[in-house]
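J.: Be aware that the sequence shown starts at 1, since it is given in full-length UniProt numbering, and climbs by one per residue.
Glycine included, each C-beta is placed from N, C-alpha and C at the ideal position.
Here it is, the structure, as structure tokens.
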Amino acid sequence: MKFEINEKVLVYQGPLLYDAKISRTYDPVSQKITFYDEKKKEYIKTSPDKRFPDRYLSETVYKVHYNGWNVKWDEWVDTSRILEDSKENRIKKEELEFEVQEQARLKQEEIERQEKQKELEKGQKRSKTRLKNDHKVKGETTKVDEIVRIAGLLNSSKTDSKNLNGSTSLKRSKKRFGSTGPITDEETDINGEVVTKIKRKKTNDISLSTHYDTQNGFTHSEIQNLVPDALKIILVDDWEMITKNNKLVILSGKHTVKSVLDDFGHYLNTEFKDDLKELSILHEITESIRHCFDQCVGIFVLYRYERPQYNDLLGKGDINFSEIYDAIFLLRLLSIFPSILMLNNVEPNVIKISKAYLDIILHWLNLHREKYFEVEYENQSPWISVMHG
1 MKFEINEKVL
11 VYQGPLLYDA
21 KISRTYDPVS
31 QKITFYDEKK
41 KEYIKTSPDK
51 RFPDRYLSET
61 VYKVHYNGWN
71 VKWDEWVDTS
81 RILEDSKENR
91 IKKEELEFEV
101 QEQARLKQEE
111 IERQEKQKEL
121 EKGQKRSKTR
131 LKNDHKVKGE
141 TTKVDEIVRI
151 AGLLNSSKTD
161 SKNLNGSTSL
171 KRSKKRFGST
181 GPITDEETDI
191 NGEVVTKIKR
201 KKTNDISLST
211 HYDTQNGFTH
221 SEIQNLVPDA
231 LKIILVDDWE
241 MITKNNKLVI
251 LSGKHTVKSV
261 LDDFGHYLNT
271 EFKDDLKELS
281 ILHEITESIR
291 HCFDQCVGIF
301 VLYRYERPQY
311 NDLLGKGDIN
321 FSEIYDAIFL
331 LRLLSIFPSI
341 LMLNNVEPNV
351 IKISKAYLDI
361 ILHWLNLHRE
371 KYFEVEYENQ
381 SPWISVMHG
């Protein structure tokens, strides 16, 4: 069915139908957008700009304005979401509204009460069945099972923090970190303890300076400085899109958490190939990060407006969230990872190794941010804001 400009229609937004009006049309044959110019009193045809969704370039779609809503909710929709404004469809609209209200009244409190327990039980079950090597600490029962697994892993193998901080791989002066330039190092004895400084030269205006010391935790400054400034900007923009602009990340599957960590693993194989023991530790931590994401994404990583999307995925059964969620969600987890470790009282050697690991992976992500963090968003359904507001 074709619709005309200024025609009144009903449009699906989530489970409900809303009154709307067609404001623009797009024809995939001519690849032109048509709208009516009120000042010139004529129809205007233009080419799509960069804001036009690429996924609609080969479809007939319509831009709709929802009656009584701010223009920020205007969006392009395909014909599967548009219904003719008829008496029959009006009745359907009322029926849908009643169903949603009843479901919200009967289930909302129950869902909130059971949600977290269900997440933890499913995550623990997945981790037990998938882990090939059991390095857990006996009696471990915390919510962040996979995070504490790092401590068990490193302790069971009697790994000292020098394996990363003082290793030959990190200290090779000719070794390159991606395309950022050579690494140089120096060691200084302070009160009988060795402090290793790893300095990376600036290239393309990217600073890769880090400092690992022997203290037993992350300082506030270290937590802030672990994340490169460019990635902080991405995180802030992401926060504003979700919480201020009422958007949701489109789970495109292009660069999932798993695929990004796999790419990082390939980088590690090249960069640390001369130190197999160190490489094994880095791979183990990477695998733990992935398992941690699968188990804890619903607890630590999501904003509340993203929970309906998460609940929909949860209802599909035993799935790996790292194979569905995009790279921006991994960045969210890594940015709070130091705080999670500290809250769970992991041992000092794990803290030290975590500093080295986070510095490596965050700066690698920073170098490849244009590849992994081209995030696409879509409008949240308005009923989500109402139910969670």
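With a threshold of 16 other CB atoms inside 10 Å of the CB of PHE98, please say whether the residue is buried or exposed.
T.: Classification of PHE98: exposed, given that the 10 Å Cβ count is below 16.
J.: According to DSSP, simplified to helix, strand and coil, what is GLN380?
T.: Coil.
J.: Rounded to the nearest angstrom, what separates ARG24 and SER47 at their Cα positions?
T.: About 12 Å.
J.: Buried or exposed for LYS45, please, with buried defined as at least 16 other CB atoms from any protein chain shown within 10 angstroms of its CB.
T.: Exposed, by the Cβ-count rule.
J.: By how many angstroms is the C-alpha of ASP274 removed from the C-alpha of SER169?
T.: Its pLDDT being 42, under 50, SER169 is placed unreliably in this model, and the coordinates cannot settle the point.
J.: Determine the DSSP secondary structure at LYS21, reduced to helix, strand or coil.
T.: Strand at LYS21.
J.: Which runs of the beta strand (DSSP E) fall wholly inside the region 247-322 and span at least 3 residues, in chain order?
T.: Listed in chain order, they are 247-249.
J.: Just mark ASP49 as buried or exposed, buried being the case when its beta carbon has 16 or more other beta carbons within 10 Å.
T.: Under this definition ASP49 is an exposed residue.
J.: Using the rule of at least 16 other Cβ atoms within 10 Å of the residue's Cβ for burial, across every protein chain shown, is ASN269 buried or exposed?
T.: The residue is exposed, with fewer than 16 neighbouring Cβ atoms inside 10 Å.
J.: Which whole-angstrom value is the C-beta distance of THR256 and SER322, which I expect to be below 8 Å?
T.: Sure, about 7 Å apart at Cβ, within 8 Å.
J.: So, VAL249 versus ASP326, is the Cβ gap smaller than 8 Å?
T.: Result yes, Cβ atoms of VAL249 and ASP326 sit closer than 8 Å.
J.: Considering only C-alpha positions, which residue in the set PHE293, GLU88, THR286, LEU331 is nearest to TRP239?
T.: Checked all of PHE293, GLU88, THR286, LEU331; the closest Cα to TRP239 is LEU331.
J.: What did DSSP end up calling TYR62 once you bin it into helix, strand or coil?
T.: In this structure, TYR62 counts as strand in the three-state DSSP scheme.
J.: Does DSSP put ARG176 in a helix, in a strand, or in coil?
T.: With a pLDDT of 33 at ARG176, under the threshold of 50, the predicted position of this residue should be treated as unreliable, and no value is reported.
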